[in-house]
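**Q** Dropping the structure in here first, questions after.
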Amino acid sequence: MKIVNQTLSIFQNKIVLYALFIIFGLAWLFTFHNRYIEADECILGEYSYSFLHEGFVRVKSIPAIQDWDVRLFPHHRFFTWFGAAVIGIFGWSITWLKVSILPWYGLFFVLLHQYFRLNNLSKSQFILAALFVFTTPIILLKSYSFRPDVILMTEGMGLLYFISKYKNEKQVKDLVFAGAFAGLGFLTHLNGAAFCIAGFLFLLIRKEFKALIPYTLAGAVVGGIYFIELLPDNNFQKFIDQLTNWPTVNHGENFMGSGPISLVMGRVQKLLSEHQRFFWGDRVMGFSIVFFLTLILSFKKLKQNHSDLLLFMLVLVLSLNMFGSHIAERYLLFYYGPMAIITSLGIFYVAEDTKWKQVLVSLSVLLHFVFSVMMIGKIVDRSEPIAENNEEILSHIKDDGKILVPYEMIYNEFPSRDLYVYKTYEYLQESMPDKKMSQLQLFEKASELGMDYIVINRNLANDKGRWFYNWKIEENSYYEEYHQDDKSLILKKI
Numbered sequence: 004m005k006i007v008n009q010t011l012s013i014f015q016n017k018i019v020l021y022a023l024f025i026i027f028g029l030a031w032l033f034t035f036h037n038r039y040i041e042a043d044e045c046i047l048g049e050y051s052y053s054f055l056h057e058g059f060v061r062v063k064s065i066p067a068i069q070d071w072d073v074r075l076f077p078h079h080r081f082f083t084w085f086g087a088a089v090i091g092i093f094g095w096s097i098t099w100l101k102v103s104i105l106p107w108y109g110l111f112f113v114l115l116h117q118y119f120r121l122n123n124l125s126k127s128q129f130i131l132a133a134l135f136v137f138t139t140p141i142i143l144l145k146s147y148s149f150r151p152d153v154i155l156m157t158e159g160m161g162l163l164y165f166i167s168k169y170k171n172e173k174q175v176k177d178l179v180f181a182g183a184f185a186g187l188g189f190l191t192h193l194n195g196a197a198f199c200i201a202g203f204l205f206l207l208i209r210k211e212f213k214a215l216i217p218y219t220l221a222g223a224v225v226g227g228i229y230f231i232e233l234l235p236d237n238n239f240q241k242f243i244d245q246l247t248n249w250p251t252v253n254h255g256e257n258f259m260g261s262g263p264i265s266l267v268m269g270r271v272q273k274l275l276s277e278h279q280r281f282f283w284g285d286r287v288m289g290f291s292i293v294f295f296l297t298l299i300l301s302f303k304k305l306k307q308n309h310s311d312l313l314l315f316m317l318v319l320v321l322s323l324n325m326f327g328s329h330i331a332e333r334y335l336l337f338y339y340g341p342m343a344i345i346t347s348l349g350i351f352y353v354a355e356d357t358k359w360k361q362v363l364v365s366l367s368v369l370l371h372f373v374f375s376v377m378m379i380g381k382i383v384d385r386s387e388p389i390a391e392n393n394e395e396i397l398s399h400i401k402d403d404g405k406i407l408v409p410y411e412m413i414y415n416e417f418p419s420r421d422l423y424v425y426k427t428y429e430y431l432q433e434s435m436p437d438k439k440m441s442q443l444q445l446f447e448k449a450s451e452l453g454m455d456y457i458v459i460n461r462n463l464a465n466d467k468g469r470w471f472y473n474w475k476i477e478e479n480s481y482y483e484e485y486h487q488d489d490k491s492l493i494l495k496k497i
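If you count by the numbering used here, then the sequence shown holds residues 4 to 497, one letter each, in order.
So, in structure tokens, the structure goes:
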């Protein structure tokens with residue numbers, strides 16, 4: 004017990020904390036090499052590419068789904084524009100799109116540090132909070148991923164910092180910045196409405212009634228930019244239609260509800276399921292365990308000394324749950340600013356408490372780091388030179404026909420090839436009685452949509468739940484083998 008008890012003290016030592024940062028930092032940087040591509044990085048990249056070249060968003064690679072290939076209205080406005088700027092400067096490159104998230108990640112830590120300075124908290128407490136965020140498995144993944152998650156985490160931290168700064172200094176400019184960060188969150192992702200609502204509720208509960216005006220105006224001005232695209236013609240109706248008829252049915256229903264009763268019932272069900280977000284899997288579970296343990300064990304002192312922080316965390320959780328689209332672990336990043344602060348402060352309080360509490364928290368911290376190491380191993384295990392492989396695979400197709408490919412193959416070949424992706428067929432499955440499309444049905448639909456070639460790479464062939472497990476091709480009258488090697492199987496239309 005003595006050894007474990009000492010462990011908690013170790014995590015208060017700045018030298019140890021710096022050493023852990025260096026070790027995990029080097030491992031994190033190592034995972035950048037040939038980092039695998041997440042599915043959403045592909046569609047989000049295509050949003051930005053089409054906006055840059057056509058002035059609006061469409062998903063050409065996904066035909067036959069709610070006119071997405073004509074125009075898509077429910078997209079992440081600010082994130083789309085940001086990605087378009089990156090592509091405009093650096094070209095169509097998954098590496099540069101991933102790298103573009105890092106400045107936002109750095110800004111998060113700047114804002115986190117400023118929060119600790121603002122509230123006269125120690126440097127060790129800041130380093131510990133930063134370490135928990137940095138080593139959380141889902142952050143190790145998302146911090147080098149072209150997705151809006153880290154940007155949203157940073158916007159949430161900006162809201163918390165400036166609203167706290169206003170509470171301390173009573174300057175209107177801080178309310179404007181707080182509202183701007185909240186509005187930018189909404190402009191980045193519709194779920195960012197949770198930031199706008201959380202800030203409003205916080206000020207309302209704290210009876211800062213005059214403060215609500217500049218905060219709300221700033222948020223409305225920045226967030227209102229989202230709707231400019233929806234003003235002409237019947238764009239707003241198209242936006243609602245696409246949003247409420249999202250191909251993954253539950254997304255649309257959960258976001259808007261199919262009626263008042265279903266909306267209310269859905270929100271009650273979501274509220275009762277919020278804990279699932281925190282314990283979704285090993286990518287978030289470790290940090291969540293440490294957070295809840297320290298929150299429970301040091302709640303009295305936290306409430307006494309940091310009641311505003313606890314209130315902000317509470318209204319943010321309720322706002323995201325009530326007004327967000329659905330429960331998913333990636334949206335847990337909305338909370339990671341206040342969660343990290345609460346966890347760090349809680350550990351310092353527990354370190355002054357009884358031994359059994361210290362032992363319990365020490366074990367949970369060690370478990371967190373075990374999950375972190377596991378995540379690094381998983382990332383490295385999946386790494387491969389995917390852009391180079393994609394170029395090599397597509398080089399076997401000499402003409403300019405339509406090519407059906409796994410989504411990750413749009414990097415970096417999208418500008419030079421007429422590529423379409425399997426996402427169309429995955430979405431079409433959702434409308435089938437058993438939500439399963441057979442290989443023959445896929446061939447039939449692909450032929451109907453004019454696909455000249457079908458590419459099956461190793462990832463697709465190794466997936467038991469997809470159509471081509473172990474490279475198996477059923478006899479059919481639509482496609483025949485065109486080329487095969489150790490990296491791919493290419494079929495050509497008969």
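All C-beta atoms, glycine included, are put in the ideal place defined by N, C-alpha and C.
#1: In whole angstroms, what is the alpha-carbon distance linking G255 and Q15?
#2: Give me, in chain order, the residues of the same chain whose beta-carbon lies closer than 6 Å to that of F82; leave out the 5 immediate sequence neighbours on both sides.
#3: Would you mind listing the alpha helix (DSSP H) stretches within the region 260 to 292 that are 4+ residues and don't spill past its ends, in chain order?
#4: So what's Y485 in DSSP terms, helix, strand or just coil?
#5: Are there 16 or more other CB atoms within 10 angstroms of the CB of L274, so buried, or fewer, so exposed?
#6: Check whether the region 195 to 203 and the region 318 to 334 are in contact - that is, three or more C-beta pairs closer than 8 Å.
#7: With a threshold of 8 Å on Cβ separation, who are the neighbours of F242 within its own chain once the five nearest residues in sequence on each side are excluded?
#8: Where does L124 sit, in a helix, a strand or coil, going by DSSP?
#9: Can you list, in chain order, the residues of its chain with a C-beta nearer than 6 Å to that of F137? Leave out the 5 residues immediately preceding and following it.
#10: If we ignore side chains and look at the alpha-carbon of each, how far apart do F33 and Y21 end up?
#11: Touching or not, the region 81 to 100 and the region 447 to 455, by the rule of three or more beta carbon pairs under 8 Å?
#12: In chain order, what are the residue ranges of uninterrupted alpha helix (DSSP H) at least 4 long that sit wholly in the region 216 to 256?
#13: For a quick check, are the C-beta atoms of E41 and I413 less than 8 Å apart?
#14: F111 and M156: beta carbons closer than 8 Å?
#15: With DSSP collapsed to three states, give me the class of L492.
#16: Give the straight-line distance between the Cα atoms of V153 and F315, rounded to the nearest whole angstrom.
#17: Suppose you measure from the CA of I13 to the CA of A133; what does that come to, to the nearest Å?
#18: Considering Cα atoms alone, identify which of Q442, L407, I344, E484 is closest to S125.
#19: Check whether the Cβ atoms of L431 and I406 sit closer than 8 Å, and answer yes or no.
#20: Considering only residues of the same chain and omitting the five flanking positions on each side of I68, which have a CB-CB separation below 7 Å?
#21: Are there 16 or more other CB atoms within 10 angstroms of the CB of M268, so buried, or fewer, so exposed?
#22: Spell out the partners DSSP gives Y430 in its beta bridges.
#23: In the DSSP assignment, the beta strand (DSSP E) including V353 goes from what residue to what residue?
#24: Roughly how many whole angstroms lie between the Cα atoms of F295 and P418?
#25: Considering only their Cβ atoms, is the gap separating L187 from G340 smaller than 8 Å?
#26: What's the gap between the Cα of K490 and the Cα of H371?
#27: When the Cα of Q442 is compared with those of I382, L47, E416, F471, which residue comes out closest?
#28: In the DSSP assignment, what are the bridge partners of N308?
#29: Beta-carbon within less than 6 Å of I104's beta-carbon, same chain only, minus the 5 sequence neighbours each way: which residues are those?
#30: Alpha carbon to alpha carbon, what distance is there between N460 and N479?
**A** Well, looking at it:
#1: With a pLDDT of 49 at G255, under the threshold of 50, the predicted position of this residue should be treated as unreliable, though the coordinate-derived value follows. Using only the alpha carbons, I get a separation of about 45 Å.
#2: P151, T191
#3: 263 to 275, 278 to 281
#4: strand
#5: exposed
#6: yes
#7: F76, P77, L233
#8: coil
#9: none
#10: 18 Å
#11: no
#12: 238 to 247
#13: no
#14: yes
#15: strand
#16: 19 Å
#17: 16 Å
#18: I344
#19: no
#20: P250, T427, Y430
#21: exposed
#22: Beta-bridge pairing links Y430 to no other residue.
#23: Note, V353: premise wrong, no beta strand (DSSP E); alpha helix (DSSP H) at 339 to 353.
#24: 47 Å
#25: no
#26: 36 Å
#27: F471
#28: DSSP output for N308 lists no bridge partner at all.
#29: V153
#30: 20 Å
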